[in-house]
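Below: the structure, in structure tokens.
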């Protein structure tokens, strides 16, 4: 999914790596909603498919944006967490949230449905 | 190209509308490099194809991010310029520029090749 380099422009390179319709939603789930498990990402309202989710988690791991570790010492299930490099996307996501809320008529943060642990940066601003 | 609404999340909605590998590069060309004409967008180093460019300019016009007008009263050629709504993407592009320059090893702003009219927000920061 990560695309060949089209130029040295930082905008083009960022889009080469994470400029698709799904990757930033997985990062949103980790950054703002505290999700860590494969099944939790599947439950998000956009309805990501298992094969796209598998592909993007592998890509994010390869890019060093996400690290995975076994859920417990007796489990083969994985936990996914943002690395510092992944967390550094926060200003990008905050700018997108502000733009979407301000410029797209039907957007909203689903306050009532958010977990108590959600990050306050994911809200009306 | 604009995709159906997947949820009410402002991140998801923004990606529905402009979350592809090309749209933000056309906006970059208008915002930071002063490009206005079809042929100018084709000359950018990423090598956008004429059919993708035609499609994205039509989409940007429909979304109200870009307005087109005849190049002159005697021409059928069009000029494309960002609307205020399009210009409001500046913080998103600035956040992406900063992230790309900071986190992707081989990115750079091609200072020597920029037109004298380029916007100083498109530079090392």
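Protein chains in written order, with this note's numbering: chain G, 58 to 182; chain W, 58 to 182.
C-beta: ideal position from N, C-alpha, C; glycine also.
How about residue i: is its C-beta nearer than 8 Å to some C-beta of chain G?
| i | result |
| --- | --- |
| residue 145(W) | yes |
| residue 71(W) | yes |
| residue 118(W) | no |
| residue 109(W) | no |
| residue 106(W) | no |
| residue 65(W) | yes |
| residue 100(W) | no |
| residue 139(W) | no |
| residue 157(W) | yes |
| residue 142(W) | yes |
| residue 78(W) | yes |
| residue 168(W) | no |
| residue 126(W) | no |
Residues in the same chain with beta-carbon distance under 7 Å from residue i, minus the five sequence neighbours each way, listed in chain order, please.
| i | result |
| --- | --- |
| residue 157(W) | 164 |
| residue 125(G) | 118, 135, 136, 137 |
| residue 103(W) | 82 |
Does residue i get closer than 8 Å to chain W when you measure Cβ to Cβ?
| i | result |
| --- | --- |
| residue 81(G) | yes |
| residue 165(G) | yes |
| residue 85(G) | yes |
| residue 114(G) | no |
| residue 133(G) | no |
| residue 149(G) | yes |
| residue 184(G) | The structure shown does not extend to residue 184(G), since chain G spans only 58 to 182, so no value can be given for it. |
| residue 96(G) | no |
| residue 160(G) | yes |
| residue 93(G) | no |
Taking the CB atoms as reference points, tell me whether residue i and residue j lie closer together than 8 Å.
| i | j | result |
| --- | --- | --- |
| residue 70(W) | residue 161(G) | yes |
| residue 120(G) | residue 74(G) | yes |
| residue 68(W) | residue 81(G) | yes |
| residue 123(W) | residue 153(G) | no |
| residue 114(W) | residue 99(W) | no |
| residue 78(G) | residue 72(W) | yes |
| residue 76(G) | residue 174(G) | no |
Check the DSSP bridge columns for residue i and list the partner residues they point to.
| i | result |
| --- | --- |
| residue 135(W) | 127(W) |
| residue 94(W) | 136(W) |
Within its chain, find whatever has a CB closer than 6 Å to the CB of residue i; leave out the 5 residues flanking it on each side and keep chain order.
| i | result |
| --- | --- |
| residue 60(W) | 73 |
| residue 128(W) | 134, 136 |
| residue 107(G) | none |
- Item | Contact between the segment 137 to 145 of chain W and the segment 79 to 88 of chain W (3+ Cβ pairs under 8 Å) | Yes, they touch.
- Query: Touch check for the segment 92 to 104 of chain W and the segment 120 to 137 of chain W: three-plus C-beta pairs under 8 Å?
  - Reply: The segment 92 to 104 of chain W, when compared against the segment 120 to 137 of chain W, does touch it at the 8 Å Cβ threshold.
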